[in-house]
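Residue numbers (my numbering): 23 to 278.
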């Protein structure tokens with residue numbers, strides 16, 4: 023307890039002076055009528071206070087730096103916990119672990135998933151549509167998207183991996199496929215078409231997420247025009263009003 027008091031800095035010089043050579047011993051000590059103490063008290067207490075202060079200072083700085091790092095951490099950087107969150111939320115929509123979900127369920131999933139991997143529930147529908155158009159995953163015969171393809175498309179979109187304009191995306195896809203093959207030659211044979219779907223799955227005659235949500239985006243844009251509002255019986259919105267309050271999450275009945 024005495025050393026703990028010294029470590030806090032409370033009156034430690036007085037304690038040090040009381041331990042010097044020639045000081046009277048405590049009355050209840052065996053040598054109550056003699057003197058006690060040592061000249062080593064100077065070296066002991068000074069070194070003790072120095073090391074305690076050094077450790078406390080480093081602990082204080084470490085706590086500050088740890089909190090500073092937490093507060094200034096870039097939440098847009100993808101980490102392992104984001105991938106775990108994606109797997110967890112996907113499992114809610116795919117309880118049988120088929121590895122595929124309907125594209126409308128994928129939209130709801132991404133809206134319920136926080137950025138950077140998901141869109142977040144505050145993401146405007148127009149912005150979500152545009153992201154999905156760029157991702158452009160292929161659909162199977164049951165209008166479902168594949169787990170690996172969706173995950174890699176999200177990572178590619180958020181990290182801007184070989185993302186270019188629509189006219190240059192075919193070239194970007196070819197470059198990315200070549201890069202993956204060079205880095206992982208063995209895995210690429212099995213996973214390449216899932217990570218970067220080939221053009222024959224995306225071109226004319228093939229239905230993709232990008233084509234569907236391009237249709238939704240065109241429909242929403244038309245609905246907000248004067249002609250679209252007349253046909254739907256809605257009052258025309260004033261300039262500057264938020265368009266998102268009339269948008270809705272697409273369902274299977276909304277397929278264009």
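We put the CB at the ideal spot given by N, CA and C, even for glycine. Predicted model only: the values in this text are computed from it and were never measured.
- Query: Between the C-alpha atoms of residue 156 and residue 87, what's the straight-line distance to the nearest angstrom?
  - Reply: 39 Å
- Backbone secondary structure at residue 46 - three-state DSSP: Looking at residue 46 - three-state DSSP - the assignment turns out to be strand.
- Local conformation of residue 99 per DSSP, three classes: Coil, per DSSP.
- Task: Note down the Cα distance separating residue 184 from residue 199, rounded to an integer number of angstroms.
- Result: 10 Å
- Message: Quick check: residue 171 and residue 159, are their CB atoms within less than 7 Å of each other?
- Response: yes
- Query: When you compare only the Cα positions, how much space is there between residue 173 and residue 235?
  - Reply: Across the structure, residue 173 and residue 235 are spaced so that their CA atoms are roughly 18 Å apart.
- Message: On the DSSP letters alone, give me the boundaries of the beta strand (DSSP E) that residue 167 sits inside.
- Response: 166–168
- Query: From this set, 192, 209, 238, 207, which residue's C-alpha is nearest residue 222's C-alpha?
  - Reply: Closest by alpha carbon: 192.
- Euclidean distance between Cα positions of residue 141 and residue 207: 32 Å
- Item | Residue of 244, 232, 177, 228 minimising C-alpha distance to residue 9 | Residue numbering for the chain in the displayed model covers 23 to 278; residue 9 lies beyond these limits and cannot be assessed.
- Is residue 104 closer than 7 Å to residue 139 when the C-beta atoms are compared? Judged by beta-carbon spacing, residue 104 lies within the 7 Å limit of residue 139, meaning their Cβ atoms are closer than that value.
- Task: Check residue 160 in the structure and name its three-state DSSP category.
- Result: strand
- Task: Inspect the beta-carbon positions of residue 116 and residue 123 and report whether they are closer than 7 Å.
- Result: yes
- Message: DSSP three-state label for residue 183, please.
- Response: coil
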